[in-house]
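Chains as they are written, first to last, in this note's numbering: chain A, 6 to 116; chain B, -9 to 104. Just so it is clear, CB atoms sit at the ideal spot from N, CA and C, and this is done for glycine as well. Read through the structure below, which is laid out as structure tokens, and then see the notes.
Set out below in structure tokens:
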């Protein structure tokens, strides 16, 4: 069965510290992995996807098929990064229109 | 540029009451979705519609019905609300054409069933 696991409910760091939000997935095929973010009083929105191999707002995420992980990283956290982050998986039966989300990790960046 | 618009933003129901959550998008997207968000469980797909006139069950469809009224609108109906349906509901639509889909979300509906 497809599953996305985000083991941390809350990650609390100080400004300037490195950040790693963990995401592990269970899927037998070739998945598409995404990170979505929800800032306070804003809508949930796409942050990045693995296939584009891009850096958005200083965040990067590498798909590790051996470890079935897609951790989100940023070398120096900023206060404006505080938000709820969701890892999501797409693929399998039903195709791309069935995104499976993890439970989410709240990132709190303190001054 | 409204994107995805959901109404209402807040609703309180008594057990057994019915209601319909409305969703409309102005981006000419084919696919639309209803998710519920619960603490510790992330977002779970209730129903989705890949195109006008089609709907399919997601992960947690029990207790809900949907209608894809036209390309713009996708409504979610609770026929007999239960406390277990207390949640935040999100409507979304998706941009297609590149082998993957980017979801655009509404601002959510906070529903409490007493």
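The alpha carbon of residue 14 (chain B) has as its nearest neighbour, out of B:84, B:102 and B:101, the alpha carbon of B:84. Within the segment -5 to 28 of chain B, contact with chain A at the beta-carbon level (separation under 7 Å) is assigned to 21. When DSSP states are grouped into helix, strand and coil, residue 43 (chain A) belongs to the strand group. Leaving aside the five residues that flank residue 0 (chain B) on each side, the residues in its chain whose CB is nearer than 6 Å to its CB run, in chain order, 100.
Residue 17 (chain B) and residue 61 (chain B) have their C-alpha atoms roughly 10 Å apart. Of all residues in the segment 34 to 59 of chain A, the ones placed with a Cβ closer than 8 Å to any Cβ belonging to chain B are 37, 41, 48, 49, 50, 51, 54 and 56, in chain order. Looking from the CA of residue 47 (chain A), the closest CA among A:16, A:23, A:75 and A:85 belongs to A:85.
Here residue 74 (chain B) carries a helix assignment [DSSP, helix/strand/coil].
Nearest to residue 42 (chain B) by C-alpha distance, out of B:103, B:5, B:77 and B:57, is B:57. Taking C-beta atoms under 8 Å as the contact rule, residue 20 (chain A) and residue 110 (chain A) fail to qualify, at a distance of about 18 Å. Only those residues of the segment 69 to 92 of chain A whose C-beta falls short of 7 Å from the nearest C-beta of chain B are listed: 91.
Between the alpha carbons of residue 53 (chain B) and residue 73 (chain A) lies a gap of roughly 34 Å. Here DSSP, grouped into helix, strand and coil, assigns residue 57 (chain A) to helix. Contact annotation, residue 54 (chain A) with residue 77 (chain A): C-beta distance approximately 12 Å; criterion of less than 8 Å not satisfied.
It is roughly 24 Å from the alpha-carbon of residue 29 (chain B) to the alpha-carbon of residue 69 (chain B).
The count of Cβ pairs closer than 8 Å, one atom from the segment 21 to 38 of chain B and one from the segment 57 to 76 of chain A, stays below three, leaving the stretches out of contact. Chain B places no beta carbon closer than 7 Å to that of residue 66 (chain A), leaving this residue out of the contacts.
Rounded to the nearest angstrom, the Cβ distance from residue 106 (chain A) to residue 33 (chain B) is 4 Å, consistent with a contact under 8 Å. Interface annotation, residue 32 (chain B): in contact with chain A, CB-CB separation under 7 Å. The C-beta of residue 81 (chain A) has fewer than 16 other C-beta atoms within 10 Å across all chains shown, which makes the residue exposed.
Excluding its 5 nearest sequence neighbours in each direction, residue 65 (chain B) has C-beta neighbours in its own chain below 7 Å: 10, 11, 12, 13, 56, 57 and 59, listed in chain order.
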